[in-house]
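Working notes, structure below.
There are 2 protein chains.
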Amino acid sequence: MEIIDRIKSGDVRTVSRMIRNIEDRVEAAKAVIKEIYPHTGRAHVIGLTGAPGAGKSTLSDALITNYRKQGKTVGVLAVDPTSPFTGGAILGDRVRMQKHAEDRGVFIRSLATRGALGGLADAVDDSIHVLDAMGKDIVIVETVGTGQSEVDIMNNAHSIALVLTPGMGDEVQTIKAGVMEIADLFVINKADQKGASKLYRELQRALDMATTYQSGWRPPVLLVENIADPDTFLDRVDELREKLDEHYGILRDQAILGERERRKARVQLMNALQGAVFEPLVQSLNDSGKLEEMLDTLVQKQGDPYSLAEEIAGRYLKGAGDTG
Amino acid sequence: MEIIDRIKSGDVRTVSRMIRNIEDRVEAAKAVIKEIYPHTGRAHVIGLTGAPGAGKSTLSDALITNYRKQGKTVGVLAVDPTSPFTGGAILGDRVRMQKHAEDRGVFIRSLATRGALGGLADAVDDSIHVLDAMGKDIVIVETVGTGQSEVDIMNNAHSIALVLTPGMGDEVQTIKAGVMEIADLFVINKADQKGASKLYRELQRALDMATTYQSGWRPPVLLVENIADPDTFLDRVDELREKLDEHYGILRDQAILGERERRKARVQLMNALQGAVFEPLVQSLNDSGKLEEMLDTLVQKQGDPYSLAEEIAGRYLKGAGDTG
């Protein structure tokens, strides 16, 4: 397909349109992903996650500049759990896009949910493939770091950095959303603020308790602040980038990259199965009016969801033995 | 079943065990839910959501006391996206449990994720049914309000209150996680803090923009603060409770309750279908070794997830026509 060549040559308009299609779940995008898939796996995918206001955008922006100095090209996906209220516009994103607009080595896009359950992790995954196939050395995925959907999104990354700030309510609560145990690096941002050293100690204590580390990689905790001293900030970003490189190196050397790739492949396959099995089932139930019928039954309390679901499974699935 | 009678009579030990079984996804729990289902639908289910540190527990606690004064019994489910790191203990919860320990009209439990994707909304849903069948007039579901999974959880509620605090990073970011548009009430907690009136104005402006309100219910915005003046705090909580009652009344009167029940039934059915269709499929692929085979194919880039998923769908699903 011509579009594959255009993506591989890094054509920005084609890539932009492709990502929009992925976001809108246009069926044709799937065919392109199928073709692209063999050309992926080169990029170092970095996940950057943390609570709103933790300073992910600023950090990401500094990382882009830093990677560019290393001669690496960078793609950024800012994942935005959009609501109709805010219209999905990420203001900081537009500013960044302008800042790097002249640089062909940087590609930044935001990705929004369009309501589809589970669809976002899927869209992120496919978009990473596009940026990877487009030739970006580094793909940074930014997202708000709470909730299972964000964990799913982060599972697409090789190296996951969790950005925390001191004093954002109860620290333990903030970091307990399942992101903590998948993080490969911790960044305490706004480290000039009160409570930074307390948070640092808490994190180290939690890391002490997690006795085993795959490959001996103990997640480092970096203290970053970007207000008082811009030079120190850039030094810390440089350190963050080095740690990310180091982590990727270890993944590569110890064949753990393969394990991560396998984990990613698993997530991808599950998402694809949802799309191929579950969604058509729901669609078919909807089209035939059966779904509304079942909802009537439930609302009138004349049946329960489990029994109805089992009935559907019986009608819809071939014997389990056939799948082997 | 004897257990159904014991739940309906409000036996705390049976209910506790039942909820633990739901959490652990014990198969027997499903059979109980099937039997319970016809005895549900009496409780007013209130969702209380907001960022960590927003003060949900304090507010919930005050609501419990207030509802008790109205002679209503209350069940509370504190939903906790646990991580192994923190062990899932909600400290504030234990304190509350002790406070209301003597009161047979209050039942508080925390629910944790045990890693299962999508399993939490499911567990919350089933647990609501148990508290409902147990005879609780009010069921309060508390959860951290960001991410799709939390939206799914909130979809089980009749009346959803979003708790916000001034100055928690970027307000617009904080409230954009899809919870904003499902909220029926907004509570600005810690309203004595800087930025409260700005947040109030921002919310009102956002609500002005959302032109249509189902049934003419425009979500009220309540300002609450619980430090300077305990009496004012209790007045505000009383106002919150009144607004919740009023909202439920409107749902009832205008047959919108039916719509909400239908939306809830839809979510319940989808979750049950996932359990009956998708999970056995994955299990079967796993047991037969086919899953590992496919992961090999993907990691070696000799196939793509979409094609593999379509192949599985072809093998596993009966013709869509059979489902009508």
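So the protein sequences, as listed, match chains A and B.
So for the first sequence, this note's numbering puts the first residue at 606; every next one is plus one.
So for the second sequence, this note's numbering puts the first residue at 606; every next one is plus one.
In this text, a Cβ means the ideal position worked out from N, Cα and C, and glycines have one as well.
- By the Cβ-count criterion, B/ALA738 is buried, with 16 or more other Cβ atoms from all chains shown falling within 10 Å of its own Cβ.
- Taking a cut-off of 8 Å on C-beta distances, the region 824-834 of chain A touches the region 788-801 of chain A, as three or more cross pairs fall below it.
- With contacts defined as CB atoms closer than 7 Å, B/VAL711 and B/ALA648 fail to qualify as a contacting pair.
- At a cut-off of 7 Å, the C-beta of B/GLU915 has a neighbouring C-beta in chain A.
- Within the same chain, and ignoring the five residues on either side of B/MET875 in sequence, no residue has its Cβ closer than 6 Å to its Cβ.
- Cβ neighbours of A/HIS705 within its own chain (closer than 8 Å, five residues either side excluded): ILE669, VAL711, ILE713.
- If you draw a straight line from the Cα of B/LYS923 to the Cα of B/GLN879, it is about 17 Å long.
- For the region 893-924 of chain A, the set of positions with a beta-carbon nearer than 7 Å to some beta-carbon of chain B reads SER893, LYS895, MET899, LEU900, LEU903, VAL904, LYS906, ASP909, PRO910, TYR911, SER912, LEU913, ALA914, GLU915, ILE917, ALA918, ARG920, TYR921, LEU922, LYS923 in chain order.
- Nearest neighbour of B/ASP727 by Cα position, chosen from B/GLN888, B/GLU916, B/PRO771, B/ILE624, turns out to be B/ILE624.
- Not flagged as an interface residue toward chain B: A/GLN798, since no C-beta distance is shorter than 7 Å.
- For B/THR670, the three-state secondary structure derived from DSSP is helix.
- Distance from the CA of A/ARG846 to the CA of A/VAL679, rounded to the nearest whole angstrom, comes to 13 Å.
- Using a CB distance below 8 Å, the part of the region 866-887 of chain A facing chain B consists of GLU866, ARG867, ALA870, ARG871, GLN873, LEU874, MET875, ASN876, ALA877, LEU878, GLN879, GLY880, ALA881, VAL882, PHE883, PRO885, LEU886, VAL887, ordered along the chain.
- Cβ-Cβ distances below 7 Å link B/ILE758 to VAL684, LEU725, ALA726, VAL729, VAL746, THR748 in the same chain, with the five nearest sequence neighbours on each side left out; the list follows chain order.
- Interface flag for B/LYS795 against chain A is unset, since no Cβ pair is found closer than 7 Å.
- A distance below 8 Å between beta-carbons, with the five flanking residues on each side excluded, links A/GLU844 to the following residues of its chain, in chain order: LEU827.
- The Cβ-Cβ distance between B/GLU866 and A/VAL904 falls below 7 Å.
- Across the set B/ARG920, B/ILE917, B/ASP909, B/TYR921, the C-alpha of B/ASP909 shows the shortest separation from the C-alpha of A/ASP731.
- The beta-carbon distance between A/ILE651 and A/LEU913, rounded to whole angstroms, is 44 Å. This is too long to meet the 8 Å contact definition.
- Annotation for B/GLY658: no residue places its beta carbon closer than 6 Å to its own, counting only its chain and skipping 5 residues before and after.
- Within the region 607-638 of chain A, LYS635, ILE638 place their CB atoms closer than 8 Å to a CB of chain B, listed in sequence order.
- Near chain B, meaning a CB-to-CB distance below 8 Å, the residues of the region 642-661 of chain A are TYR642, PRO643, THR645, GLY646, ALA656, PRO657, GLY658, ALA659.
- According to the DSSP assignment, A/GLY652 belongs to the beta strand (DSSP E) that extends over 649-655.
- Contacts between B/GLY863 and chain A, judged by CB atoms closer than 7 Å, involve VAL904 in chain order.
- Bounds of any alpha helix (DSSP H) do not take in A/THR678, whose DSSP letter is neither H nor E.
- By a beta-carbon distance limit of 8 Å, A/VAL842 does not contact B/LEU886. Their separation comes to about 45 Å.
- The beta-carbon separation of B/VAL768 and B/THR654, rounded to 7 Å, stays under the 8 Å limit for a contact.
- Comparing C-alpha distances from A/VAL681 to each of A/LYS661, A/LYS674, A/GLN675 shows the shortest one belongs to A/LYS661.
- Where A/LEU827 is concerned, the enclosing beta strand (DSSP E) starts and stops at 826-828.
- Secondary structure note for B/THR748: its beta strand (DSSP E) is the uninterrupted segment 743-749.
- Under the DSSP assignment, B/ARG709 falls outside any alpha helix (DSSP H); it carries neither an H nor an E label.
- Inter-residue distance for B/ILE855 and B/GLY821 is about 9 Å (C-alpha atoms, whole angstroms).
- Rounded to whole angstroms, the gap between the alpha carbons of A/MET785 and A/LEU812 is 10 Å.
- With respect to the 7 Å criterion, B/GLU830 and B/LYS803 are not classified as neighbours on the basis of their beta carbons.
- If you look at A/ILE787, you'll find it isn't in any beta strand (DSSP E); DSSP assigns it neither H nor E.
- Contact between A/ASP616 and A/LYS677 does not hold, since their C-beta atoms are separated by about 20 Å, which reaches or exceeds 8 Å.
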